[in-house]
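Taking UniProt numbering, the leading residue of the sequence shown gets 1, the next gets one more, and so forth.
For glycine and all other residues, C-beta sits at the position ideal for the given N, C-alpha and C.
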Amino acid sequence: MCITPASIDAKDKIDLTEKEKLIFDCLLQVVQHFNLPTQIRVAGGWVRDKLLGKECHDIDIAVDDMSGVQFCEKVNEYLQSIGKKTHDIGVSLRNPDQSKHLETAVVKLFDVSVDVVNLRSEDYSENSRIPTMRFGTAEDDAYRRDLTINSLFYNINTSSVEDLTGRGIADLKSGKIVTPLPPKQTFLDDPLRVLRAIRFGARFGFVLDEELKVAAANIDVKAALEVKISRERIGKEGDQQRLCLYAALLLPFRSAAYRDKKDRMVPVVHYIILDSLKLKFSDAKTVVSLHVAAEKFVSLIPLIMSKDDLQFPEEADWKRETIDVPIASKIRILAGWVLREIKEFWRAALVISLLLYGNDVGSSNEETELKERGELFKRVENAILEKGNPFILVICLCS
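The following block contains the structure:
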């Protein structure tokens, strides 16, 4: 059922979990130890979700006077000075074909991967949706966001929510999808934001602002969508969600097969997608691949997460004989193969695998079990993306 604006119950302040308190206190201790003037803020989706009473495990930190890498180096230097374990700093690759092409640093604190970037301002060129980034103020960073509900900050130094656009909290409470800047110019700069606005509206049951709807239907915005974003890219925005849904719905039929006219065994799922749903051959192939990859993930999840030297599971017999290496290396290689096989759909396959994963992960309470499986997804994802992990090379090659 769609949530109506009247039913939205947004909080006025953020309640931190014990782990969030540990992380934020550590960051403040770094600032105090080096006597830095740095203001540390949590940005974006974490703030939105916490105000909505939802748990969020993606902590994106923005600092105002240095790069993310420089701040993470300070974190490690502080941890070393007090005799605590330090972690490698992960740095996302600069990719000129993606919006997030500036370096984002990742550091692990209390078993949580924390992204750190500098506050940014951006300028768009006429024929590209890739902005030119530069250091900016907190206000610059807030106004460059796609939507007001995503422009909020939580200032760790002052333990307060900052609404620098002046309407982020109001739009959150009233259930409105609004852009911080005039929507027509926002969409001309980055037409993909039209799709993001619709997606967030559907996700939260929020109402699209009237001016936003007019801008989205504007002929210039439609033309910009054609010029600046390829049809393939627009399709990819919805493909992963759509095919993940089909894979989940058809999961009970994943092992069923039938014999076709050429006496070949074909997955029933393949038949349903092609003949019953009248979808593309590539869709059928992807859904079947998602099922295969999901089952492989099921056998690898406990091994990826474990700090112990577990025995290789009997059910994970795929490519077993082809690898004569120690168990730890074998797990990484096999997981790398899964990533190579499923490519950009690996997160979708991981989500599907949690539907097959053992019941011991959750409880009899459906809401609690859903939360626990969501937390397990984030832990496995973080383990795969952790700096120094060979998986990361595979992901870069597949992206």
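Let me know the secondary structure DSSP gives Asn35 once reduced to three states.
Within the sequence shown, numbered from 1, the residue matching residue 35 stands at position 35. In this structure, Asn35 counts as coil in the three-state DSSP scheme.
Helix, strand or coil for Ala10? Go by DSSP, reduced to three states.
The residue given as residue 10 occupies position 10 in the sequence shown. Under the three-state reduction of DSSP output, Ala10 falls in the coil class, being neither helix nor strand.
For Gly175, which of Ala142, Val116, Lys378, Asp9 has the nearest alpha-carbon?
Reading the sequence shown from its first residue, position 175 is the one you call residue 175. That would be Asp9, whose Cα lies nearest to the Cα of Gly175.
Leaving out five residues on either side along the sequence, give the residues of the same chain with a beta carbon under 8 Å from the beta carbon of Ala138.
Here residue 138 refers to the residue found at position 138 when the sequence shown is read from its first residue. Residues Gln39, Arg41, Ala62, Asp64, Leu119, Phe153, Glu162, Leu164 of the same chain have their beta carbon placed closer than 8 Å to that of Ala138, with the five preceding and five following residues left out of the count.
Could you spell out the range, first to last residue, of the alpha helix (DSSP H) harbouring Thr158?
Here residue 158 refers to the residue found at position 158 of the sequence shown. Unbroken run through Thr158: none, as it is neither H nor E.
What are the start and end residues of each continuous alpha helix (DSSP H) run of 4 or more residues lying completely inside the region 51-122, in chain order?
When DSSP assignments are scanned along the region 51-122, the uninterrupted stretches of alpha helix (DSSP H) that are 4 or more residues long and fall wholly within it turn out to be 68-81.
What three-state label does DSSP hand Phe206 in the structure shown?
Position 206 of the sequence shown, counted from the start, is the residue given in the question as residue 206. When secondary structure is reduced to three states using DSSP, Phe206 falls in the coil class, being assigned neither helix nor strand.
With a CB to CB cut of under 8 Å and the five nearest residues on each side skipped, what residues in its chain are close to Val266?
In the sequence shown, counting from the first residue as 1, residue 266 sits at position 266. Annotation for Val266: Ala257, Tyr258, Arg259, Asp260 place their beta carbon closer than 8 Å to its own, counting only its chain and skipping 5 residues before and after.
Who are the Cβ neighbours of Glu287 in its own chain at under 7 Å, not counting the five residues just before and after it?
Start at 1 with the first residue of the sequence shown, and residue 287 comes out as number 287. It should be pointed out that residue 287 corresponds to Val in this sequence rather than to Glu. If we look at Val287 and ignore the five residues flanking it on each side, its Cβ neighbours are Leu243, Tyr246, Ala247, Leu250, Val269, Ile273.
First and last residue of the beta strand (DSSP E) that includes Ala43?
Here residue 43 corresponds to residue number 43 of the sequence shown, with the count starting at 1. For Ala43, the enclosing beta strand (DSSP E) begins and ends at 40-43.
Alpha-carbon to alpha-carbon, Ser159 and Val108:
In the sequence shown, counting from the first residue as 1, residue 108 sits at position 108. In the sequence shown, counting from the first residue as 1, residue 159 sits at position 159. It should be pointed out that residue 108 corresponds to Lys in this sequence rather than to Val. Those two C-alpha atoms are separated by around 22 Å.
To which residues of the same chain is Lys378 closer than 6 Å at the C-beta, ignoring the five residues directly before and after it?
Your numbering for residue 378 matches position 378 in the sequence shown. When the five nearest sequence neighbours on each side are left out, the beta carbons in the same chain lying within less than 6 Å of the beta carbon of Lys378 are those of His57, in order along the chain.
Determine, using beta carbons only, whether Gly201 and Ile177 come nearer to each other than 8 Å.
Taking the first residue of the sequence shown as 1, we reach residue 201 at position 201. Taking the first residue of the sequence shown as 1, we reach residue 177 at position 177. Result yes, Cβ atoms of Gly201 and Ile177 sit closer than 8 Å.
On the premise that Gly68 lies in contact with Val30, defined as a C-beta separation below 8 Å, what is that separation, rounded to the nearest angstrom?
If you number the sequence shown from 1, residue 30 lands on position 30. If you number the sequence shown from 1, residue 68 lands on position 68. About 13 Å separates the two Cβ atoms, so there is no contact after all.
Sequence-distant residues of the same chain with beta carbon closer than 6 Å to Ile169, five excluded per side:
Reading the sequence shown from its first residue, position 169 is the one you call residue 169. Counting only residues of its own chain and dropping the five nearest sequence neighbours on each side, Ile169 has a CB closer than 6 Å to the CB of Asp163.
If you measure between the beta carbons of Ala223 and Leu212, is that distance less than 8 Å?
Working through the sequence shown from its first residue, we reach residue 223 at position 223. Working through the sequence shown from its first residue, we reach residue 212 at position 212. It is not a contact, given that the beta carbons lie outside the stated cut-off.
In terms of alpha-carbon separation, which member of Pro252, Lys11, Val207, Leu290 lies closest to Lys54?
Within the sequence shown, the letter at position 54 stands for residue 54. Proximity to Lys54 across Pro252, Lys11, Val207, Leu290 peaks at Lys11, based on C-alpha coordinates.
Taking a contact to mean a Cβ-Cβ separation below 8 Å, would you say Ser353 touches Val298 in this structure?
In the sequence shown, the residue the question calls residue 353 occupies position 353. In the sequence shown, the residue the question calls residue 298 occupies position 298. For Ser353 and Val298, yes; Cβs fall inside 8 Å.
Closest by C-alpha distance to Ile23, when choosing among Leu52, Asp141, Ile156, Thr148:
Position 23 of the sequence shown, counting from 1, holds the residue named residue 23. Residue Ile156 holds the alpha-carbon nearest to the alpha-carbon of Ile23 among Leu52, Asp141, Ile156, Thr148.
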